[in-house]
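Protein sequence lines correspond, in order, to chains A and R.
Note that the numbering used here gives residue 20 to position 20 of the first sequence, counting from 1, and the numbers run on in steps of one.
Note that the numbering used here gives residue 163 to position 163 of the second sequence, counting from 1, and the numbers run on in steps of one.
Every residue, glycine too, gets a C-beta built ideally from N, C-alpha and C.
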Amino acid sequence: MTTSSNNNRTIEKYLQGEMSPSEKFLFEAQLLINPGLRMEVRAQKKAYTLVRMYHRKKLKEELESVHQQIFSDPEKTIYQQHVYQLFKQEGI
Amino acid sequence: MKIMETLIEQKTKKKQGMQVREIYERAFPRVAAFVSRTGGSFDDAKDIFHDALVVYYEVTAQDSSRIRGPEEAYLLGIVKHLWGRKHQRSRMMIPMSEFEREISVPDDVTPTVEDKRLLRILESVGRKCMDLLRAFYYQQRPVKELTVTLGYTNEHAASAQKYKCLEKVRNTIKQKSMNYDDFIQ
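Have a look at this one:
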């Protein structure tokens with residue numbers, strides 16, 4: 001029986017579809033009788049989701065700095081004006 | 001050898017950085033024009049464009065053959081999908097070309113309120129672990145390289161740390177989850 005401190009390798013294998021058919025069969029049998037294990041699987045799935053959210057958030061921080069670079073570049077004033085102009089149509 | 005590898009890596013990194021800026025500069029005006037036409041602000045355009053770029057990089061990382069046509073057109077297509085979702089309630093109709101309709105966009109681009117809350121907790125109690133897990137799962141760095149950059153003595157130690165972090169994150173989720181029923185039975 002896997003204990004909670006080392007079962008995350010096993011759960012990772014399961015969630016990433018890396019188990020052999022027989023391993024998978026055994027693991028799913030354990031899931032049926034072990035609510036604690038079901039809970040661990042759900043929590044681990046959530047952990048991957050949150051790592052993905054974190055990764056996206058970090059990427060967006062990098063994009064924000066690219067944005068700042070472009071919109072503060074003195075050689076890009078025509079470009080900047082062109083984009084700003086798109087949002088200044090109402091008064092006309 | 002080592003130095004060469006590092007140099008090449010720095011070069012590709014720099015190149016990637018340039019590529020991001022190039023794509024950004026080329027695609028943003030079209031996205032801004034679209035968002036402006038449909039009543040959005042400059043900041044709306046920027047936010048939705050960043051979401052679209054994130055989706056774009058995820059797709060290219062998985063399978064770049066899914067990207068057809070010029071990058072700008074593909075990005076604008078993602079933007080239209082995301083913008084449409086955002087304005088679902090107002091039933092705004094967004095005309096899409098056949099090419100744009102066929103683009104598939106993951107439905108978890110906007111995190112739920114609960115996920116945002118959990119992420120804030122994880123960032124405050126386990127940022128190091130989140131960085132490590134991100135590097136393992138998303139930055140496609142080989143374990144060998146991570147071992148060096150994160151200062152572990154060997155690959156085994158780095159890999160062990162990954163599972164320790166996974167355990168830590170999992171436990172935090174169990175403790176802090178509001179959807180109690182999901183985790184406690």
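Secondary structure at R:Arg68: coil, using DSSP grouped into helix, strand and coil. Between R:Arg66 and R:Val55, the CB-CB gap reaches or exceeds 8 Å.
A distance below 8 Å between beta-carbons, with the five flanking residues on each side excluded, links R:Asn154 to the following residues of its chain, in chain order: Thr147. For R:Arg117, the enclosing alpha helix (DSSP H) stretches over residues Val113 to Val125.
By the 16-neighbour rule on beta-carbons within 10 angstroms, R:Val113 is exposed. CA-to-CA, the gap between R:Arg30 and R:Cys165 works out to about 42 Å.
DSSP places R:Glu145 in the uninterrupted alpha helix (DSSP H) bounded by Val143 to Thr149. The beta carbon of A:Met53 sits closer than 8 Å to some beta carbon of chain R. Nearest CB-CB separation between A:Ala29 and chain R: not below the 8 Å threshold.
Against chain R, the CB of A:Thr49 has a partner CB under 8 Å away; the residue lies at that interface.
In this structure, the beta-carbon distance from A:Asn7 to A:Glu40 falls below 8 Å. For A:Gly36, the enclosing alpha helix (DSSP H) has its first and last residue at Pro35 to Ser72. Here A:Leu59 is actually not in contact with R:Leu119; their C-beta atoms are around 14 Å apart, not less than 8 Å. Relative to R:Val79, the option among R:Glu25, R:Phe136 and R:Val35 whose CA is nearest is R:Val35. The three-state reading of DSSP puts A:His82 in helix, counting H, G and I together.
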